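Peer 1:
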Amino acid sequence: MKEINKLSMVYLLCDCNNFFVSCEKIFRPDLKNRPVAVLSNNDGIVVSRSNETKNLGIAMGSPVFKIQDKINRYKIETFSSNFSLYLNISNRVMLCLESFCQDIEVYSVDEAFLCYRNITEAEAIKTAKKIRACVLKQIGITVGIGVATSKTLAKLANHYAKINSYTGGIFSALSDDKRQKILIESPLKEIWGIGPSSEEKLTNEGFKTAYSLSKADPEVMRKKYNINLSRTINELNGIDCIESIVDSDCQNQIMWSRSFKNRLTKIDDIYEALANYVSCACEKLRSLELYAKKMALFIRTSYFGNAKKYSNEIAICLEYPCSDTRVFASAAKILLDRIFVDGYEYAKAGIILYEFTDSRTFQSDLFNKAPNQSELNKNNNLMNAVDKINKDNKDTIYLGALHSLTKVENKKKDKINKDHFSKRYTASFDELPEVF
DNA sequence: TCTGGGGTCCTAGGACCC
DNA sequence: TCTGGGGTCCTAGGACCC
Numbered sequence: 003m004k005e006i007n008k009l010s011m012v013y014l015l016c017d018c019n020n021f022f023v024s025c026e027k028i029f030r031p032d033l034k035n036r037p038v039a040v041l042s043n044n045d046g047i048v049v050s051r052s053n054e055t056k057n058l059g060i061a062m063g064s065p066v067f068k069i070q071d072k073i074n075r076y077k078i079e080t081f082s083s084n085f086s087l088y089l090n091i092s093n094r095v096m097l098c099l100e101s102f103c104q105d106i107e108v109y110s111v112d113e114a115f116l117c118y119r120n121i122t123e124a125e126a127i128k129t130a131k132k133i134r135a136c137v138l139k140q141i142g143i144t145v146g147i148g149v150a151t152s153k154t155l156a157k158l159a160n161h162y163a164k165i166n167s168y169t170g171g172i173f174s175a176l177s178d179d180k181r182q183k184i185l186i187e188s189p190l191k192e193i194w195g196i197g198p199s200s201e202e203k204l205t206n207e208g209f210k211t212a213y214s215l216s217k218a219d220p221e222v223m224r225k226k227y228n229i230n231l232s233r234t235i236n237e238l239n240g241i242d243c244i245e246s247i248v249d250s251d252c253q254n255q256i257m258w259s260r261s262f263k264n265r266l267t268k269i270d271d272i273y274e275a276l277a278n279y280v281s282c283a284c285e286k287l288r289s290l291e292l293y294a295k296k297m298a299l300f301i302r303t304s305y306f307g308n309a310k311k312y313s314n315e316i317a318i319c320l321e322y323p324c325s326d327t328r329v330f331a332s333a334a335k336i337l338l339d340r341i342f343v344d345g346y347e348y349a350k351a352g353i354i355l356y357e358f359t360d361s362r363t364f365q366s367d368l369f370n371k372a373p374n375q376s377e378l379n380k381n382n383n384l385m386n387a388v389d390k391i392n393k394d395n396k397d398t399i400y401l402g403a404l405h406s407l408t409k410v411e412n413k414k415k416d417k418i419n420k421d422h423f424s425k426r427y428t429a430s431f432d433e434l435p436e437v438f
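So the first sequence is numbered by my numbering: it starts at 3 and just counts up by one.
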C-alpha cells in the first residue's frame with residue numbers, strides 16, 4: 003500500500019534571529035534583555051538589532067548620527083561589525099544543522115535550507131523542534147524555522163513564525179489551510195523576490211497580498227514581467243521551482259570596496275586605498291585557487307549632501323588571467339588615472355575582479371602573451387609566500403603603493419572607523435573570553 | 001561632521017556577422 | 001541611392017537578496 007501523507011519534498015528554512023547581535027550576546031551575558039545594535043563598517047548605519055532595540059523604534063539601516071540621542075538616552079549597546087566572529091559562529095551553526103540533514107543549502111551567513119524527501123508533516127515539525135533546541139543548546143543562538151514544499155513559502159512561513167510568538171519560532175505551511183493563512187496575512191513586500199520596484203508595480207495592478215498574487219496566471223505574468231515572477235507565483239502555490247540557490251564552486255566575481263571615513267580629494271590617497279582593496283581581493287582570489295582576467299574599478303562622491311556629484315566606473319581586460327597583486331595594482335593605477343577628475347570629494351571606491359579560471363589547470367598560451375610556466379610558478383610561489391607570512395602576522399608584507407606608510411594599520415584607522423569593536427572571541431587566542 | 005558591503009540574476013540594446 | 005533580418009555575443013543597468 004502506498005504510504006499516505008508523505009510529501010516528496012519538504013524544506014525547513016532555518017534562520018538565526020538577529021544574527022550579528024546574537025553573536026555578540028553569546029559572550030556578553032550581561033547584555034541579556036538589553037538593547038543592542040551592530041553597526042556597519044565605518045560605524046555608519048545599524049545592520050542588526052536586538053528585539054529591545056527594535057521595540058525602541060530603531061529601524062534597520064538607520065544612520066547612526068540620526069539616532070545618536072536615542073542610543074544615549076536608552077543606553078543602547080553598540081558594536082562595530084566583527085565579521086570574523088560572525089563567520090565562525092555561522093560555521094558552528096551550519097555544522098549543527100548538517101548533523102540533522104545531509105542535503106543542506108547554506109543560503110547566507112545566517113540561514114540555510116534543509117531539504118527532506120518523503121516525510122510527513124508531523125515528522126517535519128518534530129525535526130524542526132529538535133533542531134531549534136539543539137542550536138540553542140550547543141551554540142546559544144535562537145533560530146526560527148519555516149516549513150513548506152517550496153523555498154518561497156518556507157521563507158514566508160519563517161517570517162510568520164518570527165512575528166507571531168504563539169508559534170514558538172516554528173511554523174509549517176504544509177497543510178492547505180495554514181498555507182492559505184500565511185498567504186492572506188503576508189503583504190507583497192514580504193515575498194522573497196519582490197522588492198520595492200515590483201511591489202509598486204503589482205500594487206498599482208491591484209494586488210495586495212501574497213494570496214492575491216498566488217491567484218494570478220504565471221504564464222500571463224511571465225510575459226508581462228519576467229520569468230522570476232512566474233516562478234514566484236508557482237512557489238506561492240507550493241510548487242517547488244527554484245532548483246538550487248547554492249552555486250558554491252563558481253563564484254563569478256570578487257568585489258572589494260569601502261566608504262572612506264573622511265572624504266578624499268587627492269588621487270594618491272584614493273590609489274592608496276584602492277591598492278589596499280586590490281591586495282585583499284587578490285589574496286581572496288588566490289585562496290580560492292582562481293585567476294581573474296578582468297578588473298573593474300569605480301570611484302564616487304557621496305549620494306547625500308550638496309557637494310558636487312560624480313561617479314564613474316571603468317574596466318580592463320588583462321592579456322592573460324592571473325592572481326598577482328602587482329599586476330592588478332598596476333592596472334588599477336592606469337584605470338584610476340583615466341576616470342579620476344579633480345575637484346570632487348570622493349566618498350567611496352572599489353574594485354571588482356571577474357572572469358575567473360581555475361589557477362590549477364591554467365595553461366600558458368601559445369602566443370606567449372602569458373608568462374611561461376616557470377615564470378608563472380615563480381610568481382605564484384612569491385604570492386603564496388606573501389599570503390602565508392601575512393596570515394601569521396597581518397600586513398607584514400604589503401604593496402609598494404603603501405610604502406609611504408610607517409604602519410599600514412595606523413593608516414587604515416584614518417580611513418575606516420571601528421570604534422566599538424568587540425573581541426574576536428573565537429578567532430584569536432589572545433582574545434578568548436575569560437571566566438571568573 | 002557622520003548615510004554599508006558583497007553578491008546574483010535577468011533583460012534590453014548595441015555590435016557584429018552572414 | 002537603396003539600407004533585410006536573424007543569430008550570437010557582450011555589456012550596462014536594473015532589481016533583488018542578506
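From the three backbone atoms N, C-alpha and C, an ideal C-beta is built for every residue, glycine too.
Quantities reported herein were computed from a predicted structural model and do not represent experimental measurements.
Just to confirm the assignment: which complete alpha helix (DSSP H) runs, minimum length 4, are found wholly within the segment 152 to 236?
Peer 2: List check, alpha helix (DSSP H) in window: 153 to 165, 178 to 187, 198 to 206, 212 to 216, 220 to 226.
Peer 1: Whose CA, out of I73, I47, I141, S174, lies closest to the CA of L14?
Peer 2: Indexing the first sequence from 1 puts residue 14 at position 12. Comparing Cα positions, the closest option is S174.
Peer 1: List the DSSP bridge partners of D360.
Peer 2: Position 358 of the first sequence, counted from the first residue, corresponds to residue 360. Paired residue(s): L292.
Peer 1: Can you name the start and end residues of the alpha helix (DSSP H) that K72 belongs to?
Peer 2: The count along the first sequence starts at 1 and reaches residue 72 at position 70. Start and end: 66 to 75.
Peer 1: Taking the DSSP output, what are the residues bridged to M257?
Peer 2: Translated into positions along the first sequence, residue 257 becomes position 255. According to DSSP, M257 bridges with I354.
Peer 1: Evaluate the contact criterion for the segment 117 to 128 versus the segment 212 to 230: three or more CB pairs, one atom per stretch, below 8 Å.
Peer 2: The segment 117 to 128 is not in contact with the segment 212 to 230.
Peer 1: Here's the rule: buried if 16 or more other CB atoms are within 10 angstroms of the residue's CB, otherwise exposed. What is D270?
Peer 2: By 1-based counting over the first sequence, the position of residue 270 is 268. So D270 counts as exposed.
Peer 1: When burial is assigned at 16 or more other CB atoms within 10 Å of the CB, is I196 buried or exposed?
Peer 2: Numbered from 1 along the first sequence, position 194 holds the residue referred to as residue 196. Buried is the call here.
Peer 1: Kindly indicate the opening and closing residues of the alpha helix (DSSP H) around S313.
Peer 2: For this step, residue 313 is matched to residue 311 along the first sequence. Looking at the DSSP string, S313 is not in any alpha helix (DSSP H); the run it does join, the beta strand (DSSP E), is 313 to 324.
Peer 1: From L355, N381, D326, pick the residue whose C-alpha is nearest to that of A298; which is it?
Peer 2: Residue mapping note: residue 298 aligns to position 296 of the first sequence, counting from 1. Comparing Cα positions, the closest option is L355.
Peer 1: Flag this pair as yes or no: are the beta carbons of N383 and R288 separated by less than 8 Å?
Peer 2: Within the first sequence, the letter at position 381 stands for residue 383. Within the first sequence, the letter at position 286 stands for residue 288. Contact flag unset, no.
Peer 1: So, using beta-carbon positions, are M62 and V48 closer together than 8 Å?
Peer 2: The residue you call residue 62 lines up with position 60 of the first sequence. The residue you call residue 48 lines up with position 46 of the first sequence. Closer than 8 Å, so yes.
Peer 1: Just to confirm, is the Cβ distance from V137 to I78 under 8 Å?
Peer 2: Taking the first residue of the first sequence as position 1, residue 137 is located at position 135. Taking the first residue of the first sequence as position 1, residue 78 is located at position 76. No; because the gap between Cβ atoms is not below 8 Å, this pair is not in contact.
Peer 1: What separation, rounded to the nearest whole angstrom, lies between the Cα atoms of I28 and T144?
Peer 2: The residue given as residue 28 occupies position 26 in the first sequence. The residue given as residue 144 occupies position 142 in the first sequence. Roughly 11 Å separates the two Cα atoms.
Peer 1: What is the C-beta distance between E100 and T154, in whole angstroms, given that I count them as a contact (C-beta under 8 Å)?
Peer 2: Indexing the first sequence from 1 puts residue 100 at position 98. Indexing the first sequence from 1 puts residue 154 at position 152. That pair is no contact at about 23 Å.
Peer 1: Beta-carbon separation of R302 and Y293 under 8 Å?
Peer 2: In the first sequence, counting from the first residue as 1, residue 302 sits at position 300. In the first sequence, counting from the first residue as 1, residue 293 sits at position 291. For R302 and Y293, no; Cβs fall outside 8 Å.
Peer 1: Compute the distance between the beta-carbons of A277 and A317, then report whether it is under 8 Å.
Peer 2: As a first step, residue 277 must be located in the first sequence, where it is residue number 275. As a first step, residue 317 must be located in the first sequence, where it is residue number 315. In this structure, A317 does not lie closer than 8 Å to A277 by Cβ.
Peer 1: Taking the straight line between their C-alpha atoms, what separation do you get for Y305 and I69?
Peer 2: In the first sequence, the residue the question calls residue 305 occupies position 303. In the first sequence, the residue the question calls residue 69 occupies position 67. Cα to Cα, the separation comes out at about 20 Å.
Peer 1: How many angstroms separate the CA atom of A159 from the CA atom of N314?
Peer 2: On the first sequence, position 157 is the one that residue 159 refers to. On the first sequence, position 312 is the one that residue 314 refers to. Those two C-alpha atoms are separated by around 42 Å.
Peer 1: By DSSP's criteria, G148 is part of a beta bridge. Which residues make up the other side?
Peer 2: Counted from its first residue, the first sequence places residue 148 at position 146. Per DSSP, L15, F173.
Peer 1: Which first and last residues belong to the beta strand (DSSP E) in which R134 is found?
Peer 2: For this step, residue 134 is matched to residue 132 along the first sequence. That residue, R134, is in no beta strand (DSSP E); its alpha helix (DSSP H) goes 123 to 141.
Peer 1: Return the residue from the list K72, V111, I106, S232 that minimises the CA-CA distance to N90.
Peer 2: Position 88 of the first sequence, counting from 1, holds the residue named residue 90. Comparing Cα-Cα distances from N90 to each of K72, V111, I106, S232, the minimum goes to V111.
Peer 1: Please report the straight-line C-alpha distance between K414 and C25, rounded to a whole angstrom.
Peer 2: Counted from its first residue, the first sequence places residue 414 at position 412. Counted from its first residue, the first sequence places residue 25 at position 23. With a pLDDT of only 44 at K414, under the threshold of 50, the placement of this residue in the model should not be trusted; the figure read from the coordinates follows. Using only the alpha carbons, I get a separation of about 25 Å.
Peer 1: Relative to the alpha-carbon of T151, which residue among I272, K8, T428, F21 has its alpha-carbon at the smallest distance?
Peer 2: Within the first sequence, the letter at position 149 stands for residue 151. Comparing Cα-Cα distances from T151 to each of I272, K8, T428, F21, the minimum goes to K8.
Peer 1: Between A135 and C16, which are expected to be in contact by the criterion C-beta below 8 Å, what is the C-beta distance as a whole number of angstroms?
Peer 2: Along the first sequence, one-based indexing puts residue 135 at 133. Along the first sequence, one-based indexing puts residue 16 at 14. Contact doesn't hold; Cβ gap of about 12 Å is too wide.
Peer 1: In this structure, how does DSSP classify Y88 when only helix, strand and coil are distinguished?
Peer 2: Reading the first sequence from its first residue, position 86 is the one you call residue 88. It is helical.
Peer 1: Do you know offhand how far Q2's Cα is from P65's?
Peer 2: The structure shown does not extend to residue 2, since the chain spans only 3 to 438, so no value can be given for it.
Peer 1: Could you check the C-alpha separation between Y346 and S42 for me, to the nearest Å?
Peer 2: By 1-based counting over the first sequence, the position of residue 346 is 344. By 1-based counting over the first sequence, the position of residue 42 is 40. Each residue's Cα considered, the two are about 25 Å apart.
Peer 1: Can you tell me the Cβ-Cβ gap for V12 and V149, rounded? I've got them flagged as a contact below 8 Å.
Peer 2: Translated into positions along the first sequence, residue 12 becomes position 10. Translated into positions along the first sequence, residue 149 becomes position 147. V12 to V149, Cβ: 6 Å. Contact.
Peer 1: Should G171 and G142 be called a contact, given that it needs their Cβ atoms to be closer than 8 Å?
Peer 2: If you number the first sequence from 1, residue 171 lands on position 169. If you number the first sequence from 1, residue 142 lands on position 140. No.
Peer 1: May I ask you to report which of helix, strand or coil DSSP gives F22?
Peer 2: What you label residue 22 is simply residue 20 of the first sequence in a count that begins at 1. It is helical.
Peer 1: Using DSSP bridges, identify the partner residues of M96.
Peer 2: Along the first sequence, one-based indexing puts residue 96 at 94. Answer is none; M96 lacks a bridge partner.
Peer 1: To the nearest angstrom, how far is it from the Cα of C117 to the Cα of I106?
Peer 2: Walking along the first sequence from the start, residue 117 turns up at place 115. Walking along the first sequence from the start, residue 106 turns up at place 104. Straight-line Cα distance between these residues: approximately 6 Å.
Peer 1: How big is the Cα-Cα spacing for I336 and T363?
Peer 2: Here residue 336 refers to the residue found at position 334 of the first sequence. Here residue 363 refers to the residue found at position 361 of the first sequence. The straight-line gap from Cα to Cα measures roughly 29 Å.
Peer 1: How should E54 be labelled, buried or exposed, when 16 other C-beta atoms within 10 angstroms of its C-beta is the threshold for buried?
Peer 2: As a working mapping, residue 54 is identified with position 52 in the first sequence. Buried.
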